[in-house]
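A.B. asks:
2 protein chains.
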Amino acid sequence: MVSALLIGLSFLTLLVQEPRAQGELQYAELGQCLLESGEVLENCRVAYRIFGELSSDSSNAVLFPTQFMGTSATVAPYIGADGLVDDAEHFVIAVDAFGNGVSSSPSNSSTQPGDSFPRLTIRDMVASQYRLVTEVLGLSSLRGVMGISMGGMQAFEWAVSHPGFAEKIVAIASSPRLASYDIVLWETVLRILSAYQECECQEAVSALMGIAFLTGSSPDYHARLTPRDSLPGIIGRMDSQMFAVPIAQNLAVQVRAMIGHNVAAPYDDSLEQAAARVKAKVLVIVTPEDHVVTPAPALEFAEVLGAEAIQLPNDCGHNGLRCDSEMLSQATQGFLADELGRKM
Amino acid sequence: MVSALLIGLSFLTLLVQEPRAQGELQYAELGQCLLESGEVLENCRVAYRIFGELSSDSSNAVLFPTQFMGTSATVAPYIGADGLVDDAEHFVIAVDAFGNGVSSSPSNSSTQPGDSFPRLTIRDMVASQYRLVTEVLGLSSLRGVMGISMGGMQAFEWAVSHPGFAEKIVAIASSPRLASYDIVLWETVLRILSAYQECECQEAVSALMGIAFLTGSSPDYHARLTPRDSLPGIIGRMDSQMFAVPIAQNLAVQVRAMIGHNVAAPYDDSLEQAAARVKAKVLVIVTPEDHVVTPAPALEFAEVLGAEAIQLPNDCGHNGLRCDSEMLSQATQGFLADELGRKM
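Chains as they are written, first to last, in the working numbering: chain C, 1316 to 1659; chain S, 1316 to 1659.
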């Protein structure tokens, strides 16, 4: 009786269709997602949060995919009047990338859990987002796709795999395909994640935290701003983080997607051929001392595209977007607000 | 009968005292080495190799301690007419640092093997070398002490703990005490070594190789000179290295010594007070983009000392001494040959 009542109430809720609160977590159930590898992601679920209102002509939607380890909740602080995109003007869809523990991931899949979760690509993430945007949200175009780091990799991929769908692409601290240094970094992370699955020991997680510290900002930055007496706190934080094996499996899914990321892969590995497909206006923003996603491939792609490239004038590195947050905010908001038809 | 004969022959060999071949591995058996911690290193053994001839006034001896993971054999290529010190002019003592698997180490100690090997410091390495030089080789002064990386740390420590003993100190790609970035690097390595002891898995060793690649040269260097198509070879080499647990324990001994290294520790942590003790003429050589031993502390110490500091004009990083090998060779050989009495 009680369960029947609950089902009845739940049905009633569906009928009433109360408006969603701003930024509330929602799920698109996509059934099966066919992956680039030919494998199928079962019970394919894409989580997202909406900020702002869709304009009457549906022309103000901006998709904001998540960075590595990020969720649509961690994207939220970038949205607003002082952020990268203002939800007073835009209908912002913050979307959880596969493997982040909210959208389909090794940690939450009932049919393909853990190591049985299929390998997938940045292109697969983008394909699922295309279905979210078109099938679930009913949009036939986007004002923009923007992202930071792995989020920017998805933005670059949107530009190439769905030319003409988004008018503008913003890729921050990101890459159209990773440089050799970046790939060795992620291969190293992958091996520590694998060692962690064998030892389930604190040391492996501490090592990952150490690598995040070492690469997140440049050595020059640390030489200036990280005194030796701050070390006990830093080492203490390295050694106090911990996560369970399914989280390591989630991280590995995203790391492998980044290692394989290459917008040019379907086009003879040619950035020129990939660029020739792009119809969007593209803004590339990098920091010169980024030691996680090194800037050379993004700058090369910007040059091939004839796109605007901004090099933030700091040595804070990958974690240092806040070092020039005002400049960054003005650049992205100005770019999104800019009139169309000025593709260079 | 046979064994008595062998003992007799061996005794005969000792009596004959054949001259040692150039660069032959020799051992100084120092009995007990009292360590800075108060612990005792039993069966304390320091290995070394001699290159060149001692001058009649014993004024041309140069001590060359080993770098991290290095041995007196790996120092040998730096000795010669085109090297850092010419054995046609100098009596070069290449000395194996504790923990390198040749001098006393967790891997070769019969009484304190593995994790029972005592923790020791760069100062302990230097104290053992002082005994080698004075007690075993009978020298009362040195023309110089020179070293690369951890070898240079020992050279810096020689300058402070034994002022006046060596006339000249050359520290290349090294540090009087590590910057915070460097310490986090070695703490990270230490945790991977520890995880390796738990899992004994290839992945942990591969991760160490990955970190060596990522930090050995700068990201800018890799962006220029490491194309994406070289990745299969790089990853293949990462995954084909392996070592046994006792080697991991050796490495940890040296890593801990570097983490604790601080020439100023006995002097209120003051580089100025440490510098005030130094009587040698000091030459500091760094590369600006060294991401293993970052150059700021060495440059600071050179400034306090009023010593000459050379910044090699390349971005090859810690592994890039060969990028300016001719300049390096001229600088060190010129410095060692230079007349005395010109301390700045």
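Where a beta carbon is used, it is the ideal one built from N, C-alpha and C, also for glycine. Every value quoted in this text rests on a predicted model; they were computed, and no experiment measured them.
#1: Once DSSP output is grouped into helix, strand and coil, what is the label at S/R1458?
#2: Can you name the start and end residues of the alpha helix (DSSP H) that S/V1593 belongs to?
#3: Quick one: Cα of S/G1635 to Cα of S/E1351, how far?
#4: Compare the C-beta of S/C1359 against all C-beta atoms of chain C and say whether one is closer than 8 Å.
#5: For C/T1541, which residues in chain S fall below 9 Å Cβ to Cβ?
#6: Do the stretch 1437 to 1451 of chain S and the stretch 1336 to 1349 of chain S make contact, defined as three or more Cβ pairs closer than 8 Å?
#7: Could you tell me the boundaries of the alpha helix (DSSP H) in which S/C1516 lies?
#8: Taking beta-carbon pairs under 7 Å, can you tell me which members of the stretch 1498 to 1530 of chain S lie near chain C?
#9: Considering only DSSP beta bridges, list what C/G1346 is partnered with.
#10: Excluding the 5 residues flanking C/G1575 on each side, which residues of the same chain have their C-beta closer than 7 Å to its C-beta?
#11: Can you list the residues of chain S that C/S1545 reaches, using a CB-CB cut of under 7 Å?
#12: From the DSSP output, read off the bridge partner residues of S/E1587.
#13: Just to confirm, are S/F1406 and S/E1368 a CB contact at a threshold of 8 Å?
#14: Report the rounded CA-to-CA distance for C/S1387 versus C/G1462, giving the unit in angstroms.
#15: Should S/M1465 go down as buried or exposed, given a rule of 16 or more other Cβ atoms within 10 Å for buried?
#16: How about S/D1411 and S/T1449: are their beta carbons less than 8 Å apart?
#17: Considering just the uninterrupted stretch of the alpha helix (DSSP H) at S/A1613, what are its terminal residues?
#18: Please classify S/R1552 as buried or exposed, where buried requires at least 16 neighbouring CB atoms within 10 angstroms.
#19: Residue range of the beta strand (DSSP E) that C/I1437 falls in?
#20: DSSP beta-bridge partners for C/E1623?
#21: Taking all protein chains shown into account, do 16 or more other C-beta atoms lie within 10 angstroms of the C-beta of C/M1557, making it buried, or fewer, making it exposed?
#22: So, does the stretch 1614 to 1624 of chain S touch the stretch 1581 to 1595 of chain S, judging by three or more C-beta pairs under 8 Å?
#23: Keeping to the same chain, check which residues put their C-beta closer than 6 Å to that of C/V1504; ignore five residues upstream and five downstream.
#24: Relative to the C-alpha of S/P1534, which residue among S/A1579, S/G1632 and S/A1522 is closest?
#25: Between S/T1436 and chain C, is there a C-beta pair that is closer than 8 Å?
#26: Go through its chain and collect everything with a Cβ distance to S/P1428's Cβ below 8 Å, but skip five positions before and after it.
#27: What does a CB cutoff of less than 6 Å around C/A1652 pick up in its chain, not counting 5 residues either side in sequence?
#28: Taking DSSP's pairing of strands, which residues face C/Q1564 in a bridge?
#29: For the alpha helix (DSSP H) that contains S/I1408, what are its first and last residues?
#30: Within 10 angstroms of its Cβ, does S/E1344 collect 16 or more other Cβ (buried), or is it exposed?
#31: Within 8 Å of any Cβ in chain S, is that where the Cβ of C/H1537 sits?
#32: Between the C-alpha atoms of C/A1391 and C/L1399, what's the straight-line distance to the nearest angstrom?
#33: According to the Cβ coordinates, are C/E1513 and S/C1514 closer than 8 Å?
#34: Just to confirm the assignment, what range does the alpha helix (DSSP H) spanning C/A1470 have?
C.D. replies: Here's the rundown:
#1: Under the three-state reduction of DSSP output, S/R1458 falls in the strand class.
#2: Here S/V1593 belongs to no alpha helix (DSSP H), and DSSP marks it neither H nor E.
#3: Between S/G1635 and S/E1351, the C-alpha separation is close to 34 Å.
#4: Chain C, which has no Cβ nearer than 8 Å to the Cβ of S/C1359, makes this no.
#5: Taking the beta carbon of C/T1541 as reference, the chain S residues within 9 Å of it are A1494, S1495, Y1496 and V1499, listed in sequence order.
#6: With contact defined as three or more Cβ pairs closer than 8 Å, the stretch 1437 to 1451 of chain S and the stretch 1336 to 1349 of chain S are in contact.
#7: For S/C1516, no alpha helix (DSSP H) segment is defined, and its DSSP state is neither H nor E.
#8: Answer in chain order: I1498, V1499, L1500, E1502, T1503, R1506, I1507, S1509, A1510, E1513, C1514, C1516, E1518, A1519, S1521, A1522, G1525, I1526, F1528 and L1529.
#9: When beta bridges are read from the DSSP output, C/G1346 appears opposite C/C1359.
#10: For C/G1575, same chain residues with a beta-carbon under 7 Å away, outside a window of 5 residues either side, are T1436 in chain order.
#11: Neighbours of C/S1545 in chain S, taken as residues at a C-beta separation under 7 Å, are given in chain order as S1495.
#12: Answer is none; S/E1587 lacks a bridge partner.
#13: Cβ distance < 8 Å, so S/F1406 and S/E1368 count as in contact.
#14: Rounded to whole angstroms, the gap between the alpha carbons of C/S1387 and C/G1462 is 11 Å.
#15: S/M1465 should be labelled buried.
#16: No.
#17: Counting along the chain, the alpha helix (DSSP H) containing S/A1613 begins and ends at A1611 to L1620.
#18: Per the 10 Å Cβ criterion, exposed.
#19: Not the beta strand (DSSP E): C/I1437 falls in the alpha helix (DSSP H), residues I1437 to R1446.
#20: For C/E1623, which the question treats as bridged, DSSP gives the partners C/L1598.
#21: Exposed: under 16 other Cβ atoms inside 10 Å.
#22: Segments in contact, yes.
#23: Excluding residues within five positions, the ones whose Cβ falls inside 6 Å are V1570.
#24: Looking only at S/A1579, S/G1632 and S/A1522, the smallest Cα-Cα distance to S/P1534 is reached by S/G1632.
#25: Nearest CB-CB separation between S/T1436 and chain C: not below the 8 Å threshold.
#26: Excluding residues up to 5 positions away in sequence, P1421, S1422 and P1561 lie with their Cβ nearer than 8 Å to the Cβ of S/P1428 in the same chain.
#27: Only residues of its own chain outside the window of five on either side were considered, and among them none has a CB closer than 6 Å to the CB of C/A1652.
#28: Paired residues: none, contrary to the question.
#29: Where S/I1408 is concerned, there is no enclosing alpha helix (DSSP H), although the beta strand (DSSP E) it sits in stretches over F1406 to V1410.
#30: Looking at its Cβ environment, which holds fewer than 16 other Cβ atoms inside 10 Å, S/E1344 is exposed.
#31: It does; some Cβ of chain S falls within 8 Å.
#32: Roughly 10 Å between the two C-alpha positions.
#33: Going by C-beta atoms, C/E1513 is nearer than 8 Å to S/C1514.
#34: Element bounds for C/A1470: M1465 to S1476.
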